[in-house]
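Q:
2 protein chains.
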Amino acid sequence: MSNSVALSLTPVQAVACCSPLSREPLSEAAAEQIAPLLKALADPVRLRLMSLVASHEGGEACVCDLNDAFELSQPTISHHLKVLHDAGLLEREKRGVWVYYRASGDALTGLAGLIGTAAP
Amino acid sequence: MSNSVALSLTPVQAVACCSPLSREPLSEAAAEQIAPLLKALADPVRLRLMSLVASHEGGEACVCDLNDAFELSQPTISHHLKVLHDAGLLEREKRGVWVYYRASGDALTGLAGLIGTAAP
DNA sequence: CGTCTATATTGACAGATGTCGATGCCTGGT
DNA sequence: ACCAGGCATCGACATCTGTCAATATAGACG
Chain E
1 MSNSVALSLT PVQAVACCSP LSREPLSEAA AEQIAPLLKA LADPVRLRLM
51 SLVASHEGGE ACVCDLNDAF ELSQPTISHH LKVLHDAGLL EREKRGVWVY
101 YRASGDALTG LAGLIGTAAP
Chain G
1 MSNSVALSLT PVQAVACCSP LSREPLSEAA AEQIAPLLKA LADPVRLRLM
51 SLVASHEGGE ACVCDLNDAF ELSQPTISHH LKVLHDAGLL EREKRGVWVY
101 YRASGDALTG LAGLIGTAAP
């Protein structure tokens, strides 16, 4: 593909390096890297999933717990978790039969720093 | 409409009042109010529009300037501006022939505060 | 080895979204 | 009064997205 050049750094890293929205106009390339991160968060179910994982004891949650928190099918939850994982917002770890997800703290703080006006 | 009950406060206010994602699980209602805000931002063109307006001299920008910054049709830019305006992220003011948009600072800082982990 | 349980993947489908061309609506100037 | 230009709205279209049922995979435990 023609866009394989920039893929050595994750979207999360792309966010971490950039100045806030209101400081200077976002480049097209930067916008194209940041938007998928926001898109991954921009769903009520995924927002709650992120919050459930991030606020869970130990900073991680088992899929079995997450499934029970929604009235959605198991494949649907699995799909949303995949979206968050692919965006770099959730990390995945399999322990025995269960799979645990953990929020990538860097991703959230990076995003927040980008959106909010940084007060130095 | 059946959902007229909660519409007395804007999405922006909904964000401002809520604790960060990682503090406690987001309620379904809160998620449903916050997600549209993120969805409005979760597009490369709209991200750049927000950034252009927010970083523009005087904190506001004319639509005519914004049109020139993209290789998109004028109706498309107008559509994106409407999405941002409806979400409460941009304020609209018509002066003479021109229309100026201004970023709602509260919206951005509110969102950032919600996403980022508050360090107590 | 077979079976059960926990997740992931696939395929399908309705509804949302981004884009454009055409058109309408104001406003200012002639 | 008319015209020209800035911006919004409309209608149409292709693509993307959220959801489910069905199925696959992979460990654990007899």
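Order-wise, the sequence lines are chains E and G. This note's numbering applies: residue 1 is where the first sequence begins, and numbers increase by one. This note's numbering applies: residue 1 is where the second sequence begins, and numbers increase by one. The C-beta atom is built at its ideal place from N, Cα and C for all residues, glycine as well. These figures come from a predicted structure and were not determined experimentally.
DSSP three-state label for L47 of chain G, please.
A: Taking the first residue of the second sequence as position 1, residue 47 of chain G is located at position 47. Helix, per DSSP.
Q: Relative to the C-alpha of R92 of chain E, which candidate in E:P25, E:R46, E:E28 and E:V63 has its C-alpha closest?
A: Indexing the first sequence from 1 puts residue 92 of chain E at position 92. The residue with the shortest Cα to Cα distance from R92 of chain E is E:V63.
Q: Among the candidates G:R23, G:D65 and G:L49, whose CA atom is the shortest distance from the CA of H56 of chain E?
A: Locating residue 56 of chain E in the first sequence gives position 56, where the first residue counts as 1. Selected option, being the one with the closest Cα: G:R23.
Q: Since I believe L114 of chain G is in contact with P20 of chain G (beta carbons under 8 Å), could you give me their beta-carbon distance rounded to a whole number of angstroms?
A: Within the second sequence, residue 20 of chain G is the residue found at index 20, counting from 1. Within the second sequence, residue 114 of chain G is the residue found at index 114, counting from 1. 6 Å between Cβ atoms; contact.
Q: Alpha carbon to alpha carbon, how far is G58 of chain G from L81 of chain G?
A: Looking up residue 58 of chain G in the second sequence gives position 58. Looking up residue 81 of chain G in the second sequence gives position 81. Looking at the two C-alpha atoms, the distance is approximately 18 Å.
Q: With DSSP as the reference, label E24 of chain G as helix, strand or coil.
A: In the second sequence, counting from the first residue as 1, residue 24 of chain G sits at position 24. Residue state, collapsed to three classes: coil.
Q: Assuming V63 of chain G is part of the beta strand (DSSP E), what are its boundary residues?
A: Start at 1 with the first residue of the second sequence, and residue 63 of chain G comes out as number 63. Here V63 of chain G belongs to no beta strand (DSSP E); instead the alpha helix (DSSP H) covers V63 to D68.
Q: In chain order, what residues of the same chain lie with their CB nearer than 6 Å to the CB of E60 of chain G, ignoring the 5 residues before and after it?
A: Taking the first residue of the second sequence as 1, we reach residue 60 of chain G at position 60. Excluding residues within five positions, the ones whose Cβ falls inside 6 Å are Y100 and R102.
Q: Closer than 6 Å by C-beta to Q74 of chain G: which residues in its own chain qualify, once you throw out the five before and the five after it? Chain order, please.
A: If you number the second sequence from 1, residue 74 of chain G lands on position 74. Cβ within range, chain order: N67.
Q: With the cut-off set at 9 Å, would you say L111 of chain E and A54 of chain E are in Cβ contact?
A: For the purposes of this step, residue 111 of chain E is taken as the residue at position 111 of the first sequence. For the purposes of this step, residue 54 of chain E is taken as the residue at position 54 of the first sequence. Their beta carbons are not under 9 Å apart, which means L111 of chain E does not touch A54 of chain E by this criterion.
Q: Give me the Cα-Cα distance between V45 of chain G and P25 of chain E, rounded to the nearest whole angstrom.
A: Taking the first residue of the second sequence as 1, we reach residue 45 of chain G at position 45. Taking the first residue of the first sequence as 1, we reach residue 25 of chain E at position 25. Going from the Cα of V45 of chain G to the Cα of P25 of chain E covers about 12 Å.
Q: For R95 of chain G, is the classification buried or exposed, using 16 other Cβ atoms within 10 angstroms of its Cβ as the cut-off for buried?
A: By one-based count along the second sequence, residue 95 of chain G stands at place 95. Burial call: exposed.
Q: Restricting to Cα atoms, I'd like to know which of G:D106, G:A87 and G:S104 is closest to A35 of chain G.
A: Position 35 of the second sequence, counted from the first residue, corresponds to residue 35 of chain G. The shortest C-alpha separation from A35 of chain G is found at G:A87.
Q: Is the CB of C17 of chain E under 9 Å away from at least one CB in chain G?
A: As a first step, residue 17 of chain E is located in the first sequence; it is residue number 17 there, counting from the start. Below a pLDDT of 50, predicted positions are generally treated as unreliable, and C17 of chain E, at 45, falls in that range; the measurement from the model is reported next regardless. So no, C17 of chain E is outside the interface.
Q: Mapping DSSP to helix, strand and coil, what is V178 of chain G?
A: This structure gives no information on residue 178 of chain G, because the portion of chain G shown stretches from 1 to 120.
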